[in-house]
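**Student:**
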Amino acid sequence: MAAADRKSPRRRATVKTGSSYPGTLRIIGGRWRGRRLSVSEAEGLRPTPDRVRETLFNWLQPHIAGARCLDLFAGTGALCLEALSRGAGHVVMVEKAAHVVQRLRLHVTTLEARNAEVVQADAVDFLRQTPQPFDIIFLDPPFKSDLIARCAELVEANGWLKRGGLVYVEAPSQLEALPLPGTWELIRSKKAGQVGYHLARKAG
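Here the sequence shown stands for residues 1022 to 1225, numbered as in the numbering used here.
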């Protein structure tokens, strides 16, 4: 987030083109298709636009049924809630901001999402715990940070991703090379405006 005025223009500058922020989140597929949930504003929050989410879940569709999914920067919860809607087995949403965590827990209650867990924590601190390996990890940190590299390194070093598991990464579109571990193969990559979105697979 960077702009001259440090209030609303600064926040608008971080919003991805086509997103519904800061009003509502729309689930676009699966059992909760069409459901709208209110979202909270927070520093660095960039909700994934519908068109990007649609492409992502087309990529993930062969792998989503019964999958264990982890979102390290959950924000609105769009990615994990979409995954649950489409048949994921269990999701964990990690979020640092207390008021955003409160809204995520409200979403879980509203949807009666029994296989969803919300954890209030810093992503880096969370990854330093004893791992619970996941099938799919969403890695979508604030752009103006080194968190992709730091989190990817911890995911790999501490065993958070299963062999053959998938990692979704959002990054600035101008970033020429993602800082990913050598054991991860980039298998999908697209751009939408200022956002680059990518899917990597861990060697298995």
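All residues carry an ideal CB built from backbone N, CA and C; glycine is no exception. Predicted, not measured: the structure shown is a model, and the values here were computed from it.
Taking 8 Å as the threshold (C-beta atoms), are Leu1160 and Val1190 in contact?
**Tutor:** Cβ distance < 8 Å, so Val1190 and Leu1160 count as in contact.
**Student:** How do the segment 1181-1199 and the segment 1149-1159 stand: do at least 3 beta-carbon pairs fall below 8 Å, yes or no?
**Tutor:** Judged by Cβ distances under 8 Å, the segment 1181-1199 makes contact with the segment 1149-1159, as three or more pairs qualify.
**Student:** DSSP beta-bridge partners for Phe1159?
**Tutor:** Partner(s): Asp1092 and Tyr1189.
**Student:** From Met1022 to Leu1175, what distance separates their C-alpha atoms?
**Tutor:** Below a pLDDT of 50, predicted positions are generally treated as unreliable, and Met1022, at 39, falls in that range; no measurement from the model is reported.
**Student:** If I follow the unbroken alpha helix (DSSP H) through Ala1099, where does it start and stop?
**Tutor:** Note, Ala1099: alpha helix (DSSP H), Ala1099 to Ser1106.
**Student:** Should Glu1206 and Ala1192 be called a contact, given that it needs their Cβ atoms to be closer than 8 Å?
**Tutor:** The answer is no: Cβ separation not under 8 Å.
**Student:** Tell me which residue opens and which closes the beta strand (DSSP E) that Ala1224 is part of.
**Tutor:** Segment: none, Ala1224 is in no beta strand (DSSP E) and carries neither H nor E.
**Student:** Roughly how many angstroms separate the alpha carbons of Ile1157 and Leu1102, rounded to a whole number?
**Tutor:** Spanning the two alpha carbons is a distance of roughly 13 Å.
**Student:** What does the alpha-carbon distance come out to for the pair Leu1132 and Arg1057?
**Tutor:** So the two alpha carbons sit approximately 10 Å from each other.
**Student:** Rounded to the nearest angstrom, what separates Thr1204 and Phe1094 at their Cα positions?
**Tutor:** For Thr1204 and Phe1094, the distance between alpha carbons rounds to 23 Å.
**Student:** Which whole-angstrom value is the C-beta distance of Ala1099 and Arg1074, which I expect to be below 8 Å?
**Tutor:** Indeed they touch by this definition, with Cβ atoms about 6 Å apart.
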